[in-house]
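Going by the working numbering, the sequence shown opens with residue 20, and the numbers climb by one from there. See structure below.
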Amino acid sequence: MDQSEQKRLWEKCVAFHGHACGGLTIGYKAALYAIELLNLTFSDDEEVVCISENDACGVDAIQVILGCSAGKGNLLFHITGKQAFSVYNRTSGRSVRLVLRPKPREMTREESFDYFQSLQPAEMFDTMETRLRLPEPARLFRSLPCESCGEITAEHLLRIEDGKKLCLDCCHPYDRFRV
């Protein structure tokens with residue numbers, strides 16, 4: 020990918036996210052690195068899957084560049100608080116987990132932005148095997164009304180309580196360890 024294409028993608032990410040910041044840069048560089056390592060193109064459906072271990076700014080760049088989104092079912096969250104992204108290419112069966120390396124010292128937001136912008140993706144991330152298996156493609160479920168509040172709920176998230184189908188908001192979870 021040439022410099023002008025990278026610049027165009029960066030500007031597209033900034034427009035989607037609303038501002039330029041170090042966090043967006045992390046996701047931008049992770050997406051570019053995943054493209055390079057896995058020979059990816061924009062995912063029109065679920066050809067590319069990303070499991071993000073955070074819900075921070077960088078996820079917006081993942082959406083813009085890789086075409087992963089929660090709505091399509093190919094952007095999933097496994098929140099660990101880490102700047103880490105597992106990216107899967109369903110077509111080739113290849114995957115990689117990208118983990119952000121620590122910064123060399125404490126930095127202001129502006130310094131962090133400049134630091135991340137100055138690095139090549141390979142300088143920013145450790146690459147390793149993915150820890151989580153490739154999720155199955157998104158499934159479609161019937162939607163049924165909750166028998167308490169009446170709101171339409173995906174069938175797989177309904178619970179049976181006293182013989183009624185209840186949404187998660189209306190059911191009373193059973194957990195003997197919570198008081």
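The beta-carbon is built from N, C-alpha and C at its ideal position, and this holds for glycine as well. What you are looking at is a predicted structure, and each value in this text was computed from that prediction instead of being measured.
Starting from the C-beta of residue i, find all residues in its chain whose C-beta is less than 6 Å away, skip the five residues before and the five after it, and write them out in chain order.
i: Ala50; result: Ala80, Ile81, Ile84, Leu85
i: Arg109; result: Glu66
i: Gly182; result: none
With a 10 Å radius around its C-beta and 16 neighbouring C-beta atoms as the bar for buried, classify residue i as buried or exposed.
i: Phe96; result: exposed
i: Thr172; result: buried
i: Tyr107; result: buried
i: Ser62; result: buried
i: Cys168; result: exposed
i: Gly41; result: buried
i: Glu72; result: buried
i: Leu206; result: Residue 206 is absent from the model: the chain starts at 20 and stops at 198.
Round the Cβ separation of residue i and residue j to the nearest angstrom and send it over; I've been treating them as touching at under 8 Å.
i: Pro154; j: Val68; result: 6 Å
i: Gly92; j: Glu65; result: 6 Å
The alpha helix (DSSP H) spanning residue i covers which residue range?
i: Glu66; result: First-last for Glu66: undefined, no H or E at that position.
i: Arg128; result: 128 to 137
i: Ala173; result: It is not in any alpha helix (DSSP H) - Ala173 instead sits in the beta strand (DSSP E) that spans 171 to 173.
The beta strand (DSSP E) that contains residue i, what's its start and end?
i: Ser114; result: 114 to 119
i: Ile54; result: Taken as a continuous stretch (DSSP letters only), Ile54 belongs to no beta strand (DSSP E), being part of the alpha helix (DSSP H) at 41 to 57.
i: Met147; result: 144 to 147
i: Ser105; result: 103 to 108
i: Ile98; result: Where Ile98 is concerned, there is no enclosing beta strand (DSSP E), given that its DSSP letter is neither H nor E.
i: Ser23; result: Ser23 -> not in any beta strand (DSSP E); alpha helix (DSSP H) instead, spanning 22 to 36.
Keeping to the same chain, check which residues put their C-beta closer than 7 Å to that of residue i; ignore five residues upstream and five downstream.
i: Glu148; result: Arg116
Whose C-beta lies closer than 8 Å to the C-beta of residue i among residues of the same chain, with five residues either side of it excluded?
i: Leu43; result: Cys32, Val33, His36, Cys76, Gly77, Asp79, Ala80
i: Arg128; result: Cys40, Gly41
So, do the segment 136 to 147 and the segment 31 to 51 have three or more beta carbon pairs nearer to each other than 8 Å? yes
For the pair the segment 93 to 107 and the segment 129 to 137, tell me if three or more CB-CB distances fall below 8 Å. no
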